[in-house]
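Chemist: Have a look at the structure that comes next, please.
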Amino acid sequence: MSSSNIKKVTPHISQNEALIFERSQPGRVGYRLPPLDVEEVAMDEIIPQKFQRDDELSGMPEVSEVDVIRHFTRISTWNYSIDLGLYPLGSCTMKYNSRLNERVARIAGFANLHPLASEEDAQGALEVIYELQDSLAEITGLPGISLQPAAGAHGEMTGIMIIRAFIDARDGAGASAKRRTMLIPDSAHGTNPASAHLSGFTVKTIRSTSEGFTDLEHLSELCAHGDVAGLMLTNPNTLGLFERNIKEISGIVHAAGGLVYMDGANMNALVGVARPGDMGVDVIHLNLHKTFSTPHGGGGPGCGPCCCTTELEPYLPVPRVVKDGENFRLDFDRPHSIGRVKAFYGNYGMMLRALSYIQTHGNDGLREATEAAVLNARYIAQGLAADYDKPFDAPPMHEVVFTDKRQSRKGVHTLDIAKRLIDYGFHPMTIYFPLIVQGAMLIEPTESVGRQELDQFIEAMRSIAREAVEDPELVRNAPHTTRIGRLDEAAAARKPVLRWKPKEAASAA
Amino acid sequence: MSSSNIKKVTPHISQNEALIFERSQPGRVGYRLPPLDVEEVAMDEIIPQKFQRDDELSGMPEVSEVDVIRHFTRISTWNYSIDLGLYPLGSCTMKYNSRLNERVARIAGFANLHPLASEEDAQGALEVIYELQDSLAEITGLPGISLQPAAGAHGEMTGIMIIRAFIDARDGAGASAKRRTMLIPDSAHGTNPASAHLSGFTVKTIRSTSEGFTDLEHLSELCAHGDVAGLMLTNPNTLGLFERNIKEISGIVHAAGGLVYMDGANMNALVGVARPGDMGVDVIHLNLHKTFSTPHGGGGPGCGPCCCTTELEPYLPVPRVVKDGENFRLDFDRPHSIGRVKAFYGNYGMMLRALSYIQTHGNDGLREATEAAVLNARYIAQGLAADYDKPFDAPPMHEVVFTDKRQSRKGVHTLDIAKRLIDYGFHPMTIYFPLIVQGAMLIEPTESVGRQELDQFIEAMRSIAREAVEDPELVRNAPHTTRIGRLDEAAAARKPVLRWKPKEAASAA
Amino acid sequence: MLGQVGLGSAEELFDSIPADLRLREPLKTSAAISELELLAGFENLAAKNGAARRASFLGAGAYSHYIPTIVDHLISRSEFFTAYTPYQPEISQGTLQAIFEFQTLVCQITGMEVANASMYDGSTALAEAVLMAERVTRRSKVIASSAVHPEYMEVVRTYVQHAGIELVQIDSDSSSGQTVADSLAQLDNETAALVVQSPNFFGCVEDLRALADKAHAAGALLIVAVTEAMSLGLLRSPGSTGADIVVAEGQSFGVPLSFGGPYVGLFATREKYARQIPGRLVGEAFDKEGRRGYVLTLATREQHIRREKATSNICTNEGLIALAATVYLETMGPRGIQEAARQCAQKAAYAARRIREIEGFSLPFTSPVFNEFVVRAPVDAKELLSRLAESKNITGGLALSRYFPERANEFLVCVTEVNSRREIDSLVEGLASVSSEMIQNHNGT
Amino acid sequence: MLGQVGLGSAEELFDSIPADLRLREPLKTSAAISELELLAGFENLAAKNGAARRASFLGAGAYSHYIPTIVDHLISRSEFFTAYTPYQPEISQGTLQAIFEFQTLVCQITGMEVANASMYDGSTALAEAVLMAERVTRRSKVIASSAVHPEYMEVVRTYVQHAGIELVQIDSDSSSGQTVADSLAQLDNETAALVVQSPNFFGCVEDLRALADKAHAAGALLIVAVTEAMSLGLLRSPGSTGADIVVAEGQSFGVPLSFGGPYVGLFATREKYARQIPGRLVGEAFDKEGRRGYVLTLATREQHIRREKATSNICTNEGLIALAATVYLETMGPRGIQEAARQCAQKAAYAARRIREIEGFSLPFTSPVFNEFVVRAPVDAKELLSRLAESKNITGGLALSRYFPERANEFLVCVTEVNSRREIDSLVEGLASVSSEMIQNHNGT
Ligand SMILES: Cc1ncc(COP(=O)(O)O)c(C=O)c1O
Ligand SMILES: Cc1ncc(COP(=O)(O)O)c(C=O)c1O
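Chains as they are written, first to last, in the numbering used here: chain Z, 4 to 512; chain F, 4 to 512; chain C, 1211 to 1655; chain L, 1211 to 1655.
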């Protein structure tokens, strides 16, 4: 294996660690509780025997505190993370997660606050929600905000249900029953059609043009049948291109009696520069865990606020947080609301972090972050253009898509390039998305990376392009420097093992 | 390189990272301060120009917050640590550093407390000191406590100065001037003679017997000249053996007019089982950063309380923390005190952690920890006896010493074995200490490790013993799996480069 | 760098956005503030949350339990919290192995066979369970006990409103507080699932075995929701009493109250339904050299592959909170969970005994409870609790009128291992004195 | 395991300890308590530290500065805080590189050529500097300004009491507050070093260049102590004004007050004295393949090799606190340090202007100050400050009577970037009102 070009990483020992269940030793404990300080009565007097658990929770691991510490510390070292370097996953906006925001979320007066505390007793918490709503309204240009959705997909569902509720109210039961089509571009994220489906819509797919934009003609065609409830559009779209005809697009949809939903996953290209509300968008979700820097946490939690026009506001989930004079309160009295989409008020801890992000950046800082994010993507676009196929000519916004077209001639595919990037010390980009681009590699550097590391990334990618020519096997078998190699995912799915079982049980099964 | 026996670790990529100075880019900043909120006057009016800095702090790195995060996160991954596994450094007591103790030390009411706050305003902080003093008095059997020393060596200096002050007072200036000899076993830690020297004593070395104990005859001999101020003894000694003649030893020293200082670095073998105060010890230092689990921090901070008999108490450093009715106060009025050894009251944050350790363990837990520490060392002693030379027969306490005697016949030395252990995923034991044991390997597992990992360690050591026979080169060139190999320390010391310099400056120099 | 990419100004970066869509002025959000100012501002807001500083007996879906210090320390390792969904297994084994352990722990504690990598929370997990029951049974009627948490039912209603599912709510027994099998007349062979919560919203432990039998007899699934997951340390697991899908709110396992989120939804079911599960699943896999690892698996259920035909639209879930629950469960271990559960039950029983003795107070429901129970006061509960908070600095529980206007004098009290006997005694004394004051005032006027 | 090692009971583990030395009863320390109880107990104690919750103008060797949040996050990575002294470089490069950066930063900020890996604190660093001066010059008289922090001088006195060093203290100028070259009559060719602090204990900036010239003319070293390291962001570096050894308390660089410790001693000198430095040093080194790394070096100076002939007895130093200072300095960068220093100076100047205007108050010293200055009040300062704390909830500074009984009406005020204008204004108003009250009361009686 040639590694002369690899300057970003060096192999080093990393600790092995079994499953915690394999570490368990009867009798070990890691907890310390105070002694019971009330008179104890026989448990059977409290809970009849037949309702009591009798398996002693067997199988659960018995370990000491230091076992737990070592277990998680060790396995943590097997992860790549933003704090280790560039994490250029397109569509995911892997930006720096400020420690200050983490600290804010842990302030006792928030962390220990019960969601059912009375309004008077939670004024600070409600004010945070209100402030964040206000800021997001300003940023999106859409005044109706609900912070209840827990993630992007959840926000989509909420937004689409709002569209449905609005149309049902506008058109009346009979007429609205005919408007059950949701238009979605073929480049859209999978959550879009899934969310539309959950709201009872039939999905029709709009083609993209060869330039990477929504096909206006196809859109018009699809809008001609009177069945369109709306359009779900990502902007910049998932190819990283700003839909420059957005006003026309919303015009067509509105004219056809539909509403425009914008998937706001790519707002990191727009904050402080342009506002969906000014583009004819009726409702949008944001991903606070992307644009507003709340940590991805290895897969969540997120927060997917839904922002809409005044017209749609009555349909937002309950409760709403409103201001009454100097006080904040929960408003449950919203007869047109689509209902509640989550217990309590959403992922509150993420709201704290996002507000902290907005306040520390300030309005200028928010725009500067957007500029840096776009500039970095542009820099990568230019740096890789000579070696990789760039399927679209339009200047990319915050992310750029390339393909494996040239490399695949040598039998080196996107997956191989991604895996080889690991050897070079980078987390791979998003691959095979969007689906419409064969062998897509979607690269989003975000603003949280300096020139030096961008250059390293470009150099690594160019080096891989050379390897694909000179030593395709090397790339096809990558990664070579990780604890484990490529795992057999097909076999795993064929006979899924989804949990640990004790040896006896496992062999008996 | 054969690695079939290595089960504890696997190579994995680790990020490279230059010096921060090499990452610097003019204009980048990682800080955020509020704007100045008072009327600004020309700086020259405040500080005359000639006193003002004019180098713009040039050379200091200019980086962003995320640069700093990535810098330290990356370099941190190059470290071994207790949280990654067994860290069997003899004499260092690398036990688990509880997160709870860390949390306690960060409670705002302690962390934000100024040391010159008035006593009324710092009652809680003083109570902590008082409580810890009380606990340590009970644990050592020595009632006079000062928490002021910042580490073990500092505690030694304090204790030895107390002995000197006591003798000066007892014998009067003339007579005491003749008592300037401090006896120290040849097995002692280097800080012992260095501390004795700092207190103006001449060091005489006591031989150890071939069984690994203080040579009583030699001691008696050295005590025969009337010049002995005291003895510094580690117990269990640095060979891990309890000085069973301790009572006799102190008897001899006392009879000769000297005092007995105990180096308490090895108290992890005794807490809850036996007390230095009952053994004739006059003064001892403890290492809170060993026995009482405060973190080693990559080399500190520590805390080295000095504990002494009632007789010596007047000589302890000022101020003392005392209780007056219900209140705690600082007592500066100690005319016999040796003086202050540190500004303020010592490494207070470590005191909080140690008290937390004592309270969460409770008296039973403290003893159980001692038992486990000794049992683990015993287990290792037995596990390695077949493969390594164990120079002393007495049953070891909390640590055990082996040598490279057998392996060195094949040209494999202690250093090689230590380095090879790294390949096996362990931090090496303490090597070449104590100095009296040729090729010493001093192993201290502590109580913070389970049977499973002890077995892995024994297996690794035995495997290395086999390798030393079968493939000595393999061992001699270890480690093979780390980011860097053995560094040329001799060259580094010959032409020391002790700081980074800008390129121009560096080449000009 | 701008020059490098051929641009003269930052504004040109946005040339592809039509000029009339670009903002001409800075956003009207606030100007940047420093860390110092920011922290002062948030501390200030936090200080306005009086309830966060008080002895509290609030439960009803969110519980105060002791959280070992190591939980936050471990989830704060940036290798965990600044990583994405583990799509690249070679450099994500930390997250993957943790999820595999999480799935296992969820199975163990619920007594089920497979569990997913988490849902948003207990309420959305319940909604997804209902949707899954429909997929599995291809039936469209769902019967739910009215003793399920009202907010959970609201969420279910929202989720199923366009799914052609008929949601029928049946009352729980007014004396025992339980959902009784007799009342299940509507459970027929059109029914996809029976949905119950245990302990239910009123704290009463349901007879799951009886309910399971009834449901199964009609070919319906039994969906059990658990809002107080700590109860599983003491109560027979839903899996062992015949549940087909178990969902739970995992907040009790090491997650701070945080004004309602982020929490974590647990979702477990029978192995045979594995391919109908919503959300992510992690499975064991091997590389060419036979080394064991973990991967996201059965992805064909998911939206990024299956799009509108996916088992759910969920993508981002509650990864880090699932990790917190994993750390918590492994730290506590079986003995710790049992002990915490025992203390909850004993302390709640003690509180119930003492409250029952207060003049004019009673406990309306007779069935066994875990750590929550309904109290009937001789006065308006909302006012009683608000006065108690004001004068005694205790949050005494939840006035049921928030969800059930007709239960004006009732409130739900929750007691956990963090409530000391002293707090309980103060609660009892406070309830006695405040209520008698209220009665006197009332009689006086 | 006991059986495995051939023992029948845990007691037998201690057979080598004579029976009469073994404890027959459990220790009389308290029984084990849980995390919950422990935290409650310590929170309770912390609440008794009123001073920690108050606007404060205390300095005098320990300073309140803003600490960026990332400092604690990074030093809390267990790879750093649970590692030992980096004796095995192959698996300790993280610690080693951080120390190398620390040494470089200390050189840069002090203007010196070499720096060690840290000392216990500023006071012990000063004591070690005095001992080193004796080694370097082989002279035994040391002259120290009385404007050096009194606690530092106490520590020096303790350290040198058995080293045959004669310590002479000379007064600073009563009007300027500076140590003036004229008063150095005793500085002769027996003198090993002149020791000054700048800004000195009274806040006055010393004229280091003049003092250095004087010392050097006699062949003595100039040792400069800095207790407020933040001043180095604004003041000419001691290195550039001729200092031979610079020691400083590094607490201002990202370290919490923590009732006096752990802090970190900075120690820097000229390259030619490198082999006389106390404590650890990290140097650059290379492996066989030419890869760069760092190692502990010049170990022959140290106790573990040299024993009683070592340059110091220090072993454990302040590693983690040095790391905190490193993270702090790298986060702030040159611009941040300059800005913080500028704000300190400007705010202190503002406070001084305002306090000087209060009826009866004056500033006894005329020389320039950085962020601390002495105030002379018309009443007893200790009482004034204690009343101020009580009635206005402000800690107004340090009554000098703690160290200088003769300065009963004087107190030392320190202002940093964390003191808002509002706090300063409250201080001024408080001083005015409390002092006039005291005078009235006094006149009244
Ligand atoms: C374009 C787009 N839309 C929607 C989503 C879904 O957001 P979430 O994962 O928060 O549910 C994503 C997330 O990856 C996305 O990239
Ligand atoms: C036996 C012994 N004595 C003294 C010391 C010195 O303690 P410290 O490093 O805290 O100064 C040590 C530390 O390693 C030691 O092992």
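Even for Gly, the Cβ is constructed at its ideal location relative to N, Cα and C.
Could you check how far apart the C-beta atoms of Thr1626/C and Arg1264/C are, in whole angstroms? I think they sit under 8 angstroms.
Modeler: For Thr1626/C against Arg1264/C, the beta-carbon gap comes to about 15 angstroms, at or over 8 angstroms, which does not count as contact.
Chemist: Quick one: does Gln1634/L have its CB under 7 angstroms from some CB of chain Z?
Modeler: It should be pointed out that residue 1634/L corresponds to Ile in this sequence rather than to Gln. Nearest CB-CB separation between Ile1634/L and chain Z: not below the 7 angstroms threshold.
Chemist: Quick one, what's near ligand 1 if you take every residue whose CB is closer than 6 angstroms to any heavy atom, in chain order?
Modeler: In chain order, the residues positioned with their C-beta nearer than 6 angstroms to some heavy atom of ligand 1 are Ser94/Z, Cys95/Z, Ala154/Z, Gly155/Z, Ala156/Z, His192/Z, Thr194/Z, Thr237/Z, Thr241/Z, Asp266/Z, Ala268/Z, Asn290/Z, Gly305/Z, Gly307/Z, Cys1525/C, Thr1526/C.
Chemist: Consider the Cβ of Tyr1273/L: report whether some Cβ of chain C lies at a distance smaller than 7 angstroms.
Modeler: no
Chemist: If you follow the alpha helix (DSSP H) that Cys226/F is part of, which residue opens it and which one closes it?
Modeler: Here Cys226/F belongs to no alpha helix (DSSP H), and DSSP marks it neither H nor E.
Chemist: When the Cα atoms are used, what is the spatial distance from Ile72/Z to Ile1285/C?
Modeler: 11 angstroms
Chemist: Using a Cβ-Cβ cut-off of less than 9 angstroms, give me the residues of the segment 28 to 40 of chain Z that come near chain F, in sequence order.
Modeler: Gln28, Arg31, Arg35
Chemist: Could you give the first and the last residue of the continuous alpha helix (DSSP H) run that contains Leu1641/C?
Modeler: 1631 to 1654
Chemist: Tell me whether Ala1509/L counts as near ligand 3, meaning its Cβ is closer than 6 angstroms to at least one heavy atom of that ligand.
Modeler: By its list of ligands, the structure shown excludes ligand 3, since it contains just ligand 1 and ligand 2.
Chemist: Would you call the segment 349 to 369 of chain F and the segment 131 to 143 of chain F touching, i.e. three or more CB-CB distances under 8 angstroms?
Modeler: yes
Chemist: Does the distance from the C-beta atom of Lys1498/L to that of Gly414/F stay below 7 angstroms?
Modeler: The criterion of a C-beta distance shorter than 7 angstroms is not satisfied by Lys1498/L and Gly414/F.
Chemist: Can you give me, in chain order, the residues of the segment 1289 to 1303 of chain C that have a beta carbon less than 7 angstroms from any beta carbon in chain Z?
Modeler: Glu1289, Phe1290, Phe1291, Thr1292, Ala1293, Tyr1294, Thr1295, Pro1296, Gln1298, Pro1299, Glu1300, Ile1301, Ser1302, Gln1303
Chemist: Please list the partners that Arg3/Z has in chain L, where partner means a Cβ-to-Cβ separation under 8 angstroms.
Modeler: With chain Z represented from 4 up to 512, any question about residue 3/Z goes unanswered, as that position is not in the structure.
Chemist: Got a sec, what are the start and stop residues for the beta strand (DSSP E) Gly1493/C sits in?
Modeler: 1491 to 1496
Chemist: Would you mind reading off the limits of the beta strand (DSSP E) that contains Glu1376/L?
Modeler: 1376 to 1380
Chemist: If you drop the 5 nearest sequence neighbours on each side, which residues of the same chain put their C-beta closer than 7 angstroms to that of Ile170/Z?
Modeler: Ser179, Arg182, Ala232
Chemist: Thinking C-beta only, is Ala384/Z closer than 7 angstroms to Glu450/Z?
Modeler: no
Chemist: Mind pulling the chain F residues with CB within less than 7 angstroms of Ser1244/C?
Modeler: Arg35, Leu36, Pro37
Chemist: What does Pro14/Z pair with, by DSSP beta-bridge criteria?
Modeler: Ile16/F
Chemist: Tell me, please, which residues DSSP counts as bridged to Tyr264/Z.
Modeler: Answer by DSSP bridge pairing, in chain order: Met235/Z, Val286/Z.
Chemist: Could you list which residues in chain Z have their beta carbon closer than 7 angstroms to that of Pro1472/C, in chain order?
Modeler: Pro304, Asn350, Gly352, Met353
Chemist: Run through DSSP, which three-state label would Phe54/Z get?
Modeler: helix
Chemist: Which runs of the alpha helix (DSSP H) at least 4 residues long sit entirely within the segment 59 to 87 of chain Z? Give them in chain order.
Modeler: Within the segment 59 to 87 of chain Z, the complete alpha helix (DSSP H) segments at least 4 residues long are 68 to 79, listed from N- to C-terminus.
Chemist: Comparing alpha-carbon positions, which option in Ala495/F, Gly365/F, Leu116/F, Pro239/F lies nearest Ile1227/L?
Modeler: Pro239/F
Chemist: Whose Cβ in chain F lies nearer than 8 angstroms to the Cβ of Pro14/Z?
Modeler: Pro14, His15, Ile16, Ser17, Thr484, Arg486
Chemist: Three Cβ pairs or more, each shorter than 8 angstroms: is that satisfied between the segment 1267 to 1281 of chain L and the segment 1598 to 1616 of chain L?
Modeler: yes
Chemist: So, with DSSP's three-state summary, where would you put Leu129/F?
Modeler: Leu129/F falls in the helix class under three-state DSSP.
Chemist: Let's see if you can read the secondary structure: which residues bound the beta strand (DSSP E) around Tyr1504/L?
Modeler: 1502 to 1506
Chemist: Whose CA, out of Glu122/Z, Arg106/Z, Gln52/Z, lies closest to the CA of Ile1280/L?
Modeler: Arg106/Z
Chemist: Between Ala1402/L, Gln1650/L, Ala1439/L, which has its C-alpha nearest Ala1427/L's C-alpha?
Modeler: Ala1402/L
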